[in-house]
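For what it's worth, the working numbering labels the leading residue of the sequence shown as 46, then goes sequentially.
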Amino acid sequence: MKTPTEPPRELAVQGKPVLVYFHGAPGGVQELVWLEREAAALGLTCMAVDRFMLPSALQGDAYFQALAAHIQTKLGGRTCWFVGFSIGSYVALQTARWMQGQVKCLHLVSSAAPLESGDFLPGMAGKVVFQLAQNWPLVFAVVSRWQGLLAKLAPAALYGMLFGSAAGGDKTLAKDSSFQSTLQGLLASSLGPGVHGYMRDVGSYVQPWATALSAMDVPAQLWHGDQDNWSPLGMAHSLAHLLPKAQPVHVLPGLSHYSCLFQALPRICQQFANEPQASW
Numbered sequence: 046m047k048t049p050t051e052p053p054r055e056l057a058v059q060g061k062p063v064l065v066y067f068h069g070a071p072g073g074v075q076e077l078v079w080l081e082r083e084a085a086a087l088g089l090t091c092m093a094v095d096r097f098m099l100p101s102a103l104q105g106d107a108y109f110q111a112l113a114a115h116i117q118t119k120l121g122g123r124t125c126w127f128v129g130f131s132i133g134s135y136v137a138l139q140t141a142r143w144m145q146g147q148v149k150c151l152h153l154v155s156s157a158a159p160l161e162s163g164d165f166l167p168g169m170a171g172k173v174v175f176q177l178a179q180n181w182p183l184v185f186a187v188v189s190r191w192q193g194l195l196a197k198l199a200p201a202a203l204y205g206m207l208f209g210s211a212a213g214g215d216k217t218l219a220k221d222s223s224f225q226s227t228l229q230g231l232l233a234s235s236l237g238p239g240v241h242g243y244m245r246d247v248g249s250y251v252q253p254w255a256t257a258l259s260a261m262d263v264p265a266q267l268w269h270g271d272q273d274n275w276s277p278l279g280m281a282h283s284l285a286h287l288l289p290k291a292q293p294v295h296v297l298p299g300l301s302h303y304s305c306l307f308q309a310l311p312r313i314c315q316q317f318a319n320e321p322q323a324s325w
């Protein structure tokens, strides 16, 4: 599968509702090109926030409030849908808390559920990283910087470490040269200049947050591959149970983490394009 490598733009077409994309961690705002490719064909407007570049002093609710304020400035009063990928789904949920009435729908793809909501860690490819962030944050910081150095000096080696256990549709995707190039660039940026933002997202994610979801008054749809070994399918079902307005999970057979994203994005965009104007 071809994946664009050009840096994205934050689009702001006046008068139209907006799709707001929340990238993964590791990951980056460059992921917006994946959504933009699908959205452009339908005349839709999309944007993303380069959240790893926000000041590292912003922590906890102050961080999510800053994200909400930045998005609201870009929206200019328009409504939106949130599309969160992987840990970006966690950030989308937390940011939506500060945008009551403006976020009309949440689409959570390959989502990462609260760790305390199930016995998920044993089935997660990145379990060691999450365990370090949860229990030994200083060691996690050292490992993150070491990974950043590896991403700079030996990007193929780090890529091989992360995708060596690829499952389902990600196995084929991981061999695609364009995907490899894009992911190596994302790893270099998020574990290099963006490492403080990456550590902030992961460090915040591993803390308990399940109880706050009962107050989420936004309709949600979850998209998940049944072969996902980064965030196991049980995470999506857990989130669907915790979110008051979640629909049953869209389970995509044979797909894993990124392969699910590439299948879900065109379907999300088509839903968005078909949404009656009166609902906005």
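The beta-carbon is built from N, C-alpha and C at its ideal position, and this holds for glycine as well.
- Within the same chain, Phe130, Trp268, Leu306, Ala309 come within 6 angstroms of Val154 by CB-CB distance, once the 5 residues on both sides are set aside.
- The shortest CA-to-CA distance from Gln110 to any of Ala291, Ala137, Leu89, Lys220 is the one to Ala137.
- For Thr90, the enclosing beta strand (DSSP E) starts and ends at 90-93.
- DSSP places Ala202 within a helical segment (H, G or I) once states are collapsed to three.
- For the set Tyr204, Gly270, Met244, the Cα lying nearest the Cα of Gly230 is the one of Tyr204.
- By the 16-neighbour rule on beta-carbons within 10 angstroms, Gln252 is exposed.
- For a cut-off of 8 angstroms, the C-beta gap from Ser283 to His302 is around 17 angstroms, too long to register as a contact.
- Shown here, Leu287 sits in a helix according to DSSP, grouped into three states.
- When secondary structure is reduced to three states using DSSP, His68 falls in the coil class, being assigned neither helix nor strand.
- In this structure, the CA atom of Phe208 is about 33 angstroms from the CA atom of His115.
- Comparing C-alpha distances from Pro289 to each of Trp181, Leu258, Ile313 shows the shortest one belongs to Leu258.
- DSSP places Val294 in no beta strand (DSSP E); its state is neither H nor E.
- A straight-line Cα-Cα distance of about 12 angstroms links Ala202 and Gly193.
- Assigned with DSSP and collapsed to three states, Gly122 falls in coil, not helix or strand.
- Using a 10 angstroms sphere on the CB of Leu198, the tally of other CB atoms stays under 16, which defines it as exposed.
- Within the DSSP secondary-structure output, Leu153 pairs in a beta bridge with Gly129, Leu267.
- About 5 angstroms separates the beta carbons of Leu218 and Ser304, which is inside the 8 angstroms limit, making them a contact pair.
- A Cβ-Cβ separation of about 11 angstroms leaves Gln117 out of contact with Gln145 under the 8 angstroms criterion.
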